[in-house]
Amino acid sequence: MDAITAYFQSLDIMGLLSRIPASVSQGLVWALMALGVYITFRILDVADLSVDGTFSTGGAVTVILIVNGVPAAVAVPIAFVCGLIAGLVTGLLHTRLGIPAILAGILTQYALYSINLAIMGFKANTPVGADKFNSLIISGRNVNMAIVVSLCFVAFIIGLLYWFFGTERGMSIRSTGCNPQMSKAQGININLNKVIGLALSNGLVALSGSLFAQYSGFADVNSGRGAIVIGLAAVIIGEVIGDAILGKRMNFAFRMIFIAVGAIVYYFIYTLVLWLKMDPNMMKLFTSIIVAICLAVPYIKKSRANSFRKAGKNSQGGKQDA
């Protein structure tokens, strides 16, 4: 009992509050990656595992360019294009060579590990010191500025995605993910749409990796490990929160906004776990549990609704027979 009392007394609530801005800024950076995962996971209904490698590619390209004198404002779009190319490769492996999407993503991710090492001169990590090089987003110098910069990126990308998926091409991509057979029957090139969706998704993931490398001050070849799970966690958490608040009013724009909120919530949970002095090595276990619960909640709610509806019909049928 004394040990439990001493444990709770050792927790500093002010320390937790002081960490919230950093959680928000980091969550916004990863929100871009979550939006990329949303495109493949929800819109295209494709399991793309190449994002773990693409995230590191964005960071590696950005850091190497900045170290070699390229302005950060130029390095970031180049990283985005490199992500597009990686997604294009995954899409072509899937559509042109007939490799299942999940295996095509694994092959791309596997190849990107060596490519990322080569980009960084076969070093596992490469620093980009804030005192020597200019970066768009630096957590150590000014967390509030990091929040503003990352928020601007997220708002711009959400607005751009909302516009794009409202165009004819964007609607055909959404149709491809919703019902590929019917889309193909209507003359839509579903293979082209899959390639475009995978390229766009990985471009956003690389963009997130680019900002994260500047945020953390270094690029690491393993920085994207587990990124797909974090992205899924952000998507699922955001959808659960959005559906709970808005219900049927949850349109496409709000869904993307809540995905960004989900990324922030995820990193606040991560901060909370560290504040509670739990072993950070257990975070992957906590993430898996969170994703599993959030995935199960809609299914359980739907099952209960169907069971209640079925019970109601049975009771009505019994009254009519009587």
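Its first residue numbered 1228, the sequence shown is counted upward by one per residue in this note's numbering.
Positions of the beta carbon are idealized from the N, C-alpha and C atoms, including for glycine.
Taking C-beta atoms under 8 Å as the contact rule, Val-1432 and Gly-1263 qualify, at a distance of about 4 Å.
The stretch 1445 to 1464 and the stretch 1506 to 1522 touch, with three or more beta-carbon pairs separated by less than 8 Å. Checking the DSSP bridge columns, you'll see Asn-1352 partnered with Asp-1447.
Fewer than three beta-carbon pairs drawn from the stretch 1289 to 1305 and the stretch 1459 to 1474 are found closer than 8 Å, and the two stretches are therefore not classed as touching. In this structure, DSSP gives Val-1297 a state outside helix and strand, which the three-state scheme calls coil. Between the C-alpha atoms of Tyr-1494 and Leu-1459 there is a straight-line separation of about 13 Å.
Of the other Cβ atoms in all chains shown, 16 or more fall within 10 Å of the Cβ of Asp-1447; this residue is therefore buried.
Assigned with DSSP and collapsed to three states, Gly-1310 falls in helix. Around the CB of Met-1241, fewer than 16 other CB atoms lie within 10 Å, so the residue is classed as exposed. Bounds of the alpha helix (DSSP H) holding Leu-1344 are 1328 to 1346. For the options Thr-1232, Arg-1246, Ala-1233 and Ser-1428, the alpha carbon positioned closest to that of Val-1500 is the one of Arg-1246. CA-CA distance, Ile-1486 to Lys-1411, rounds to 30 Å. The stretch 1312 to 1323 makes no contact with the stretch 1251 to 1259; the number of CB pairs closer than 8 Å stays below 3. The beta carbon of Ala-1261 sits closer than 6 Å to the beta carbons of Gly-1458, Ala-1461, Val-1462, Ile-1486 and Ala-1490 from its chain, once the five residues preceding and following it are set aside; these are given in chain order. Secondary structure note for Ser-1245: its alpha helix (DSSP H) is the uninterrupted segment 1240 to 1265. Rounded to whole angstroms, the Cβ separation of Ser-1252 and Ser-1377 is 6 Å, and the two are in contact under 8 Å.
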